[in-house]
Structures are given as structure tokens and as C-alpha cells.
Amino acid sequence: MNKKAIKINVSLIIGIIIVGIALIMALFPSMFTNYDPEAIDATAMLAPPSAEHIFGTDNYGRDIFARVIYSARIDLLIGVGAMIIPFFVGTALGIISGYYGGKVDAFLMRVLDIFMAFPYMVLAIAIVAITGAGIKALFISMWLVGWKEYTRLVRSEVLVVKNSEYVEAAKVLGYNDLRIIVRSIIPNVLSSAIVYGASDIVMCMMSGAAMSYLGLGVQSPTPEWGAIISGGKAFLSIAWWITIFPGIFLVVTGLGFSLIGDGLSDKLRQKGR
Amino acid sequence: MSDKINTGDVLLDVKNLNVRFYSNGREMKAVNGVSFNIKKGETFGFVGESGCGKSTTSRAIIRLLAENAKIPSGEIIYKGQDILKLSNDKLRKIRGKEIGMIFQEPMTALNPVLTIKQQMYEQFIGTNMTKAQKEEKAVEMLRLVGIPSPEKRLKEYIHQFSGGMRQRAMIAITLAANPNLLIADEPTTALDVTIQDQIIKLINKIKDQLGMSVLLITHDLGVISQMCDRVAVMYAGYFVETADTLTLFSVPRHPYTKGLIDALPSTDKKDLSLKPIKGTAPSLADLPSGCPFAPRCPYKEDKCDAELPEMKEISPGHMVRCHFHEKLKGAQGLISIDEEGDNNV
Amino acid sequence: MCEERKKLLEIKHLKKYFPIPRKITEVLSKKPQKSVKAVDDITLDIYEDEILALVGESGCGKSSFARTIIRLYDPDSGQIIMDGKDITKMSKKELRPLKRNSQMVFQDPYSSLNPRMMVGDMLKEEFLYHHICEPSEVDGKIKDILEKVGLSDDAIDRFPSEFSGGQRQRIGIARALAVNPKFLVTDEPVSALDISIQAQILNLLKELQKEYSLTILFISHNLNVVYYIADRVAVMYLGKIVELGDTKDIYSKPLHPYTDILIRSSPNLDPRKREEAPAINGNPPSPIDIPPGCRFAQRCPFAKDICHKELPELKEIYPGHMCACHRYNNINN
Numbered sequence: 006m007n008k009k010a011i012k013i014n015v016s017l018i019i020g021i022i023i024v025g026i027a028l029i030m031a032l033f034p035s036m037f038t039n040y041d042p043e044a045i046d047a048t049a050m051l052a053p054p055s056a057e058h059i060f061g062t063d064n065y066g067r068d069i070f071a072r073v074i075y076s077a078r079i080d081l082l083i084g085v086g087a088m089i090i091p092f093f094v095g096t097a098l099g100i101i102s103g104y105y106g107g108k109v110d111a112f113l114m115r116v117l118d119i120f121m122a123f124p125y126m127v128l129a130i131a132i133v134a135i136t137g138a139g140i141k142a143l144f145i146s147m148w149l150v151g152w153k154e155y156t157r158l159v160r161s162e163v164l165v166v167k168n169s170e171y172v173e174a175a176k177v178l179g180y181n182d183l184r185i186i187v188r189s190i191i192p193n194v195l196s197s198a199i200v201y202g203a204s205d206i207v208m209c210m211m212s213g214a215a216m217s218y219l220g221l222g223v224q225s226p227t228p229e230w231g232a233i234i235s236g237g238k239a240f241l242s243i244a245w246w247i248t249i250f251p252g253i254f255l256v257v258t259g260l261g262f263s264l265i266g267d268g269l270s271d272k273l274r275q276k277g278r
Numbered sequence: 052m053s054d055k056i057n058t059g060d061v062l063l064d065v066k067n068l069n070v071r072f073y074s075n076g077r078e079m080k081a082v083n084g085v086s087f088n089i090k091k092g093e094t095f096g097f098v099g100e101s102g103c104g105k106s107t108t109s110r111a112i113i114r115l116l117a118e119n120a121k122i123p124s125g126e127i128i129y130k131g132q133d134i135l136k137l138s139n140d141k142l143r144k145i146r147g148k149e150i151g152m153i154f155q156e157p158m159t160a161l162n163p164v165l166t167i168k169q170q171m172y173e174q175f176i177g178t179n180m181t182k183a184q185k186e187e188k189a190v191e192m193l194r195l196v197g198i199p200s201p202e203k204r205l206k207e208y209i210h211q212f213s214g215g216m217r218q219r220a221m222i223a224i225t226l227a228a229n230p231n232l233l234i235a236d237e238p239t240t241a242l243d244v245t246i247q248d249q250i251i252k253l254i255n256k257i258k259d260q261l262g263m264s265v266l267l268i269t270h271d272l273g274v275i276s277q278m279c280d281r282v283a284v285m286y287a288g289y290f291v292e293t294a295d296t297l298t299l300f301s302v303p304r305h306p307y308t309k310g311l312i313d314a315l316p317s318t319d320k321k322d323l324s325l326k327p328i329k330g331t332a333p334s335l336a337d338l339p340s341g342c343p344f345a346p347r348c349p350y351k352e353d354k355c356d357a358e359l360p361e362m363k364e365i366s367p368g369h370m371v372r373c374h375f376h377e378k379l380k381g382a383q384g385l386i387s388i389d390e391e392g393d394n395n396v
Numbered sequence: 126m127c128e129e130r131k132k133l134l135e136i137k138h139l140k141k142y143f144p145i146p147r148k149i150t151e152v153l154s155k156k157p158q159k160s161v162k163a164v165d166d167i168t169l170d171i172y173e174d175e176i177l178a179l180v181g182e183s184g185c186g187k188s189s190f191a192r193t194i195i196r197l198y199d200p201d202s203g204q205i206i207m208d209g210k211d212i213t214k215m216s217k218k219e220l221r222p223l224k225r226n227s228q229m230v231f232q233d234p235y236s237s238l239n240p241r242m243m244v245g246d247m248l249k250e251e252f253l254y255h256h257i258c259e260p261s262e263v264d265g266k267i268k269d270i271l272e273k274v275g276l277s278d279d280a281i282d283r284f285p286s287e288f289s290g291g292q293r294q295r296i297g298i299a300r301a302l303a304v305n306p307k308f309l310v311t312d313e314p315v316s317a318l319d320i321s322i323q324a325q326i327l328n329l330l331k332e333l334q335k336e337y338s339l340t341i342l343f344i345s346h347n348l349n350v351v352y353y354i355a356d357r358v359a360v361m362y363l364g365k366i367v368e369l370g371d372t373k374d375i376y377s378k379p380l381h382p383y384t385d386i387l388i389r390s391s392p393n394l395d396p397r398k399r400e401e402a403p404a405i406n407g408n409p410p411s412p413i414d415i416p417p418g419c420r421f422a423q424r425c426p427f428a429k430d431i432c433h434k435e436l437p438e439l440k441e442i443y444p445g446h447m448c449a450c451h452r453y454n455n456i457n458n
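Chains as they are written, first to last, in the working numbering: chain C, 6 to 278; chain R, 52 to 396; chain W, 126 to 458.
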């Protein structure tokens with residue numbers, strides 16, 4: 006490869022470092038703290054940050070630092086888990102819709118329009134009403150709404166690639182549709198879906214946190230950044246530490262994924278031409 | 052032809068122009084020591100392959116270069132003043148007004164959300180024409196370029212025109228400002244051959260009517276033949292040969308010019324075989340230290356790698372940048388001049 | 126001379142129309158659907174081992190015609206007979222093993238190669254998919270074909286973006302020839318290339334045509350290139366062939382006024398021969414609402430009443446030289 010390709014990609018590296026740290030927190034939370042995130046300590050309620058509790062404690066005396074660290078696991082799970090299914094389903098639908106066109110495309114696009122028109126939060130609340138609040142409701146509602154961006158994005162890319170001369174050449178060679186899709190279409194449309202996916206993780210984490218904040222997602226006492234922030238809101242004037250620290254972690258982790266998305270898009274674009 | 056060579060006043064005099072581009076920490080020598088002049092009423096052509104610096108040179112003349120470009124040295128004398136030393140205010144009075152430019156793609160060069168009339172009127176800003184005079188002039192310009200029912204078409208947008216008519220509309224808008232020099236950058240490349248023919252004839256006709264000069268940039272020797280009085284052949288940012296069109300086509304003396312001629316398929320050539328030039332053009336970031344054409348040249352000797360040849364005048368008005376141009380004496384050109392028995396070599 | 130030669134392709138009354146999508150208001154008011162008549166009743170034989178050029182201006186339907194006869198597009202009516210087999214109505218499945226017989230070289234060397242596939246992988250896929258050779262022989266075959274088109278082995282593990290325009294066009298030719306086709310369509314294969322590179326590719330095509338006894342349909346708008354490479358020339362105007370004949374005849378004594386105008390429009394390389402007026406004014410009419418009669422009549426300097434009323438048929442005027450014009454007799458002198 007030429008010199009350009011080796012050029013250091015700063016945002017990608019910073020992004021990977023941030024997400025890497027979050028991942029270690031998720032996998033080995035006990036490395037960071039000896040406190041149990043769910044242990045109630047009536048003797049130390051609403052304690053401000055100190056040497057003992059560096060991020061302070063909440064109204065049940067639970068160590069905020071421990072809760073924030075243990076939250077990484079569930080928040081990363083929400084971010085990645087809510088993104089991965091729509092990524093595959095949405096991309097596949099986008100490829101089918103774009104490649105085959107005609108009635109299939111018209112049908113899928115109308116279905117997509119319906120989902121676009123449906124307010125996400127209303128849908129989520131409806132699902133919670135059926136399944137009850139919790140992580141299951143969270144995932145189902147996010148899967149139901151998450152695919153459409155991938156479909157639209159990938160479809161428009163497919164429409165361009167489909168009419169390129171190299172796809173025409175593949176047809177002239179008599180290759181069947183599956184081979185053309187796998188070898189010629191997917192490698193050339195996937196990069197934009199991947200780039201979007203990285204930033205979608207952020208969106209999923211944020212809306213997961215938002216759902217928990219509204220009491221529709223992860224339920225107490227399970228530590229989750231959104232839920233901690235929500236729990237701390239009543240004490241914001243007297244115990245700022247309950248909300249601020251998980252907020253910072255949420256924002257920084259989100260930033261990490263955004264930077265990865267940014268860096269990837271630079272990198273993948275370079276390779277394309 | 053020789054009696055047609057214009058010895059009139061020089062309109063534009065370019066001396067030792069250099070342009071450099073900087074990207075990714077590399078310097079690209081896009082234009083190297085280019086000198087030429089354009090006389091009043093003359094059509095001067097740049098011909099060369101993609102990346103040879105012909106467009107860059109033409110854009111440098113009106114300082115229309117990308118931000119990563121620098122002009123480290125050179126003079127561009129237009130009507131006694133150096134364009135490179137002008138303030139932006141003064142430059143703006145020359146751009147568009149004194150020197151107009153037309154491009155390959157009218158669809159991207161013209162504004163899609165303004166009518167032809169609105170774009171034409173922009174050319175009249177700063178004049179004290181009345182509304183009636185503007186209208187009259189606009190209609191006259193469209194008529195001049197052969198657009199039928201000009202009063203009606205003036206109110207239309209560029210996308211409502213067909214390919215050939217778009218090019219005509221762009222020419223009309225550019226010429227509405229009465230420029231003394233028209234820079235035409237590949238004006239016929241995107242057109243079909245019958246439309247190209249129409250546009251060539253149109254520019255030739257208007258040039259004579261308005262008495263302006265034309266700088267034509269093209270890769271097509273046929274277009275050069277039909278439009279230009281004098282030609283410069285460019286390679287890797289250098290002028291390698293300049294001459295009047297007939298001389299260049301009949302007695303080329305640079306191996307690259309000869310190579311282009313031998314590689315050109317044409318129904319007008321007697322010899323039907325094509326002799327391609329071997330290899331590809333060098334990167335502008337990594338030019339050879341000697342003659343830029345040496346790596347591809349069939350006449351190459353050791354001296355060519357070592358030393359960059361100077362532009363030498365081998366007969367009046369015929370300049371060649373080659374150590375061994377003598378070797379090409381008597382080489383066959385695209386056309387033979389014996390038919391009329393008259394040449395100035 | 127032509128009668129003795131074997132026909133590789135017989136095309137009979139071929140039509141390919143592209144319907145123009147109607148607006149919803151037009152559907153509701155039941156306006157008839159209009160279409161672009163890209164290929165409108167073309168009958169043409171292509172002989173084995175010849176280079177037949179198809180010339181015409183943009184939008185005349187030459188690319189659609191070529192893509193229809195290799196069944197990249199489905200024809201609307203007519204017949205395509207290849208090697209004695211009628212392939213007009215064959216299903217995709219039936220067609221698949223025959224596809225390798227017809228290959229194509231494209232215009233744009235930058236968009237005709239998959240940017241994410243290495244040259245070696247691309248060729249390997251072809252050899253294996255069409256069972257051209259045993260898997261063990263693939264590497265040797267790849268080197269052979271690359272050598273044939275003038276590329277070295279180190280092209281194998283490189284991506285298309287690492288090559289220049291001329292080299293990419295060589296890769297495109299290698300891709301087409303790897304499956305040993307009988308018939309090759311080249312769609313403006315040199316119009317995106319510089320002159321010096323253009324000559325390399327034209328010479329290469331000419332050599333390979335001889336070596337592989339290929340039949341080539343060479344699509345071009347450049348009459349100078351066609352003159353150099355073609356054995357026969359077909360001139361297209363608005364979906365129809367207006368003149369067909371041996372290259373020399375077409376250029377030395379064109380019968381159809383449009384052919385004559387095309388030749389005269391091509392810029393003369395002698396600067397002493399400059400005409401004041403263009404060979405023809407105006408643009409070709411739209412291929413949607415075609416008036417009855419000869420399609421060229423509106424622009425033709427020789428048109429008479431009959432030309433506006435009656436569509437001239439493509440008739441053999443001299444042996445092997447066909448022309449569709451009512452008044453060809455009046456034009457030549």
C-alpha cells in the first residue's frame with residue numbers, strides 16, 4: 006500500500022482507547038473497586054466524594070463509583086445489543102430492496118415509511134405495557150425501530166453500485182444474483198453501514214439510558230448510567246455527585262464510539278478510491 | 052498560412068510562469084517555466100494529455116487556482132500590468148470582464164437556479180446601461196451564438212437547454228461582458244461530433260466578429276487544427292514545442308509531438324498504423340531531473356537524463372525543447388505541406 | 126464475399142423500448158405510457174472473426190443495442206440467434222452457461238472494476254465459476270492472461286486503484302477474455318483514455334482479435350478510431366441502422382446523408398482546410414416522440430415529401446453496402 010494508507014488516524018486511536026477502557030470496566034469491574042454496587046449502607050447515605058467513596062454515595066448509601074463501573078457492562082450490552090440486530094436486518098433489507106427494486110422495493114419502502122411515522126417513545130411505552138418494563142422491552146422496542154436507517158442508507162448505496170459497470174460486467178459473466186451481491190455489492194456498500202453503526206451504538210446507549218431514566222428500561226437496583234442519573238435527580242441540589250459522574254461516563258463512552266465511527270469513515274473512504 | 056501569422060499587438064504576455072501544488076507534504080511541479088504571448092485577434096492553443104498542466108496554466112492567468120497552489124515565480128502581463136501583482140479588487144475587474152472563461156461542462160459552470168437572463172445581467176453590473184439596453188444586448192448575445200427565439204429562451208434555466216445549446220448559452224453569457232480574451236477549457240470535449248463541429252465554427256466566427264483573442268485548451272489535435280493560429284504542446288508541466296499550427300502539424304520537431312501524431316488514429320492520415328508512446332507520463336511530484344520525456348523517448352541519449360533542454364527557436368516562431376531535435380528533421384508530420392509548396396521552415 | 130462468411134449472430138427485427146415512468150396524475154388520467162425507442166426494429170448479421178463498428182451520437186441507442194444482443198437487457202420483440210441457437214427467450218438459467226461466449230469491455234476504466242477485489246481474485250473467480258480449468262492450473266492461467274494483455278505478475282495481488290487508466294483498461298480486457306468468449310462487445314473502450322494510451326489499447330485489441338479469432342462489436346462515437354479498427358461499420362440514428370457496409374466504402378462513398386455529415390463533422394487535421402459553416406445545424410430530436418417517415422428527415426438537407434411520410438427500409442444498394450434512404454441517388458453527386 007502507499008504511504009497515505011499508513012497515515013495515523015488520531016480519532017480512531019483515541020476512540021479505541023476510550024472504548025477499550027469501557028470494555029475492561031465491563032468485563033472486570035472488580036479490578037476497579039471492592040464495593041458491591043448494590044450493597045446498601047445506611048450509615049453513609051448521600052455522602053459527598055471522599056477518600057472512602059471517591060464518587061460519593063447515593064440515598065441508600067451505595068457507592069457511586071462502584072455503581073458507575075458496574076454500569077459499563079449493561080450499558081455496553083444495550084448499545085451493542087440494540088445496534089447489532091438492526092444492523093444485520095436493516096442492511097439485508099436495504100440490499101434486497103435496492104438490488105431487486107420493483108415491487109419488493111416499493112413494499113419495503115412503504116413499511117419503512119410506516120415505521121418512520123411511528124413515534125419511537127410511544128412504541129416503546131406500548132411494548133412495555135405488553136412485556137412489562139425491563140431490558141427485554143428495551144431491546145424489542147429498539148430492534149423494531151433501529152433497522153430503518155440501515156435500510157435506507159444501504160439501499161441508496163446499492164442503487165449506485167448496482168448500476169456501476171463492474172456489476173454489469175459480473176452479469177455479463179453470467180454470475181448469479183447471490184454471487185453478485187456477496188462479491189460485488191456488499192463489499193462496496195458495507196462501509197457506510199459500519200460507519201453509521203459505530204455512531205448508532207451511541208444513539209442506542211443514549212436512548213437506553215433515556216428509557217431507564219423514564220423508568221421504562223433497566224430497573225433498580227441494577228446499576229445503569231441512565232437509571233443512576235434518574236435516581237439522583239431528586240437530590241440534584243444537595244448531592245450533585247449522583248448524577249454528574251454517571252453522566253460524564255455516559256458522555257465519554259459515547260464520544261469514544263463516535264470517534265471510532267469518524268475514524269473508520271476516513272479509513273474506509275481512503276481505501277475505496 | 053504564413054501570411055496569416057499575426058504580428059499584431061501582444062494582448063497577454065506570460066513569462067517564465069511556475070505553479071506548484073502542495074498536498075500531503077509533497078510538492079507537485081504542475082507548471083514549469085512556461086512563456087508565451089497571445090496577440091490581439093489570435094487563437095492560441097494548449098494541447099497535451101491529462102495532467103500535463105494545460106488547465107492549470109490557463110487558470111493561473113486569472114489567478115483561479117486551488118488554495119494549495121503557489122506561483123513562486125513568473126509574470127503575467129496583461130495590458131501592461133502584471134496580473135500576479137494586482138490587488139483583489141483590480142483582479143476582479145479583469146476576471147470575467149476583460150478575460151472570460153468557458154468550461155467543458157455548462158451544467159456545472161452555470162448557476163442552475165438563475166435564469167439565463169439573470170446570469171447575463173450579472174455581466175452588466177458596473178456599466179451604466181439602461182434596462183432596455185441590457186435586454187437588447189442580452190437578446191443580441193443569444194442571437195449571436197445561434198440560439199433560436201432568444202427572447203423566450205432568455206427567461207429559461209440552463210437545464211431546459213440541450214447539450215449544444217447549453218454550451219452556446221455559456222458562451223453568450225461569458226461574451227456579454229465583451230472580454231478581450233476568452234479562455235476556452237475543453238469547450239467541445241463533452242459534445243457529440245456534429246455539435247462539436249457547430250461550437251468550433253461558432254467560436255471561430257464570433258472571435259472574428261468581436262476581434263477578441265482565444266486561449267484554447269484541448270487534448271484533441273483535430274480541434275487545434277480547426278481553431279488555432281499557434282499551438283503549444285505541453286508535457287509534464289513544460290512547453291515542449293510551440294509553433295504555428297501548420298508548422299507543428301507538418302514538421303513536428305519534438306519527439307513527444309511526433310509521438311502524439313503517430314498515435315492518433317485519423318482518416319486524414321495516409322499511414323494507417325498506430326504507434327503508441329510506450330509507458331506513462333511521470334508523476335508531477337517526482338519529475339526526472341533531465342528531460343521529462345526522456346524515459347519514454349525513442350531518441351533518448353545519456354544527455355537527456357542528465358540535463359533539461361532549453362526552449363530553442365529553430366526557425367522563426369518554432370520553438371522546441373529537445374537536445375536532439377535535429378534527429379527529427381524530415382520526420383513525417385500529420386499532414387504534408389508539399390501539396391501547396393509553401394512553408395516557412 | 127460476405128455470403129461465404131459464417132454468421133455468428135443473426136439479429137432480426139430487434140426492439141428494445143424503455144418505458145418512461147408516468148406521474149401519478151398521468152396514470153389516473155389514463156394517459157398512454159410513452160417509451161424511449163432505444164432499439165427500434167434492427168436487423169443485422171454479425172460475421173465470425175470480424176470487427177463491426179457501431180457508430181452514432183449519444184442517445185442513438187448503440188449501447189442499448191449491444192446490451193440487448195448479449196441479453197444484459199431483455200428484448201421487447203425480435204430474435205437474437207447466436208451460433209444457430211435462438212437465445213431471445215432463454216431463461217436466466219438456460220443462458221448462464223452461454224454467457225461466457227459473449228463478453229464486454231466497458232468505457233470507464235475507473236468504474237468498471239470492483240474497487241474491493243484484487244485483480245488475481247477477480248480472474249480466479251471467473252476461471253473457477255465457468256470451469257475453464259482445474260483449480261490447480263488457475264495460477265498459471267492468470268499469469269498467461271495478464272501477460273497477453275501486457276501486464277506483469279505483480280498485478281495479481283493489487284487492487285484496481287493502484288493502476289493507471291490504461292492499465293485498468295488492460296485488466297478489463299483480461300477479465301473479458303479470461304473465459305474464452307467468441308463475441309466481444311467493446312463499449313467506447315478508448316474514449317476515456319489519453320491519445321498515447323488509446324493507441325496502445327487499440328493495437329492490443331487488434332492483436333487479440335487476430336490471436337483469438339474474436340468477433341468484436343466495437344461501439345464508438347469517434348469516426349477516426351473506427352476507421353482504424355473496423356472491418357465493417359453500422360451507422361445508427363435514433364434507434365435504427367441507417368447505413369451498413371465495409372469500412373472503406375462507408376468512408377469513401379457514404380450513401381446516407383447522415384453518414385456523410387458525421388464524417389464531415391469530424392475535425393479535419395489539416396489547418397488549411399477550415400470550413401466556415403458546420404456540417405449540420407441543430408440537435409437530433411428526442412427518441413420519445415418520433416415523427417413518421419425517415420427519422421433524419423427533419424435535419425436532412427435533401428429531404429423531400431416522401432421522406433416525411435414513409436420510413437425508408439435498409440436496402441442493399443451495392444453488394445454488402447446497405448442504406449436506408451429514399452434519396453441516396455441524389456446525394457452522391
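Think of the CB as a built atom: it goes at the ideal place given N, C-alpha and C, for glycine as much as any other residue.
Which residue marks the beginning of the beta strand (DSSP E) containing residue i, and which one marks its end?
i	result
ARG283/W	First-last for ARG283/W: undefined, no H or E at that position.
ARG281/R	281-286
LEU62/R	61-74
ALA81/R	77-90
Could you have a look at residue i and say whether DSSP puts it in helix, strand or coil?
i	result
TYR40/C	coil
GLN228/W	strand
LEU232/R	strand
ASP170/W	strand
ALA422/W	helix
MET126/C	helix
PHE95/R	strand
LYS335/W	helix
GLU438/W	coil
The alpha helix (DSSP H) with residue i in it runs from where to where?
i	result
PRO306/R	306-314
GLU154/C	140-167
ASP385/W	382-390
Would you report the Cα separation of residue i and residue j, rounded to the nearest angstrom?
i	j	result
SER197/C	LEU158/C	8 Å
GLU187/R	ASN179/R	14 Å
ILE328/R	CYS103/R	15 Å
LEU273/C	GLY76/R	22 Å
CYS127/W	LEU325/R	The pLDDT assigned to CYS127/W is 47, lower than 50, so where the model puts this residue is not dependable, and the model offers no usable value.
ALA244/C	SER217/C	20 Å
ILE134/R	PHE72/R	19 Å
LEU338/R	ILE153/R	31 Å
VAL166/C	PRO382/W	41 Å
GLY517/W	ILE275/R	Past the edges of chain W, shown from 126 to 458, lies residue 517/W, and the structure says nothing about it.
VAL161/W	MET88/C	45 Å
- Selection of the segment 232-260 of chain W by Cβ proximity to chain C, strictly under 8 Å: GLN232, ASP233, SER236, SER237, LEU238, ASN239, PRO240, ARG241, MET242, GLU250, GLU251, TYR254, HIS255
- Message: If the cut-off is 8 Å on Cβ atoms, which residues from the segment 313-339 of chain W count as contacting chain R, listed in chain order?
- Response: Taking 8 Å as the Cβ-Cβ cut-off against chain R, the residues of the segment 313-339 of chain W that qualify are ASP319, ILE320, SER321, ILE322, GLN323, ALA324, GLN325, LEU327, ASN328.
- Query: Pairing CB atoms from the segment 213-230 of chain C with CB atoms from the segment 138-151 of chain C, are three or more of them under 8 Å?
  - Reply: yes
- Query: When you check each C-beta in the segment 158-183 of chain C against every C-beta of chain W, which residues fall closer than 7 Å?
  - Reply: For the segment 158-183 of chain C, residues whose beta-carbon sits nearer than 7 Å to a beta-carbon of chain W comprise SER169, GLU170, TYR171, GLU173, ALA174, LYS176, VAL177, LEU178, GLY179, TYR180.
- Contact set between the segment 263-277 of chain R and chain W, restricted to residues whose Cβ is under 9 Å from the partner: Residues HIS270, ASP271, LEU272, GLY273, VAL274, ILE275, SER276, GLN277.
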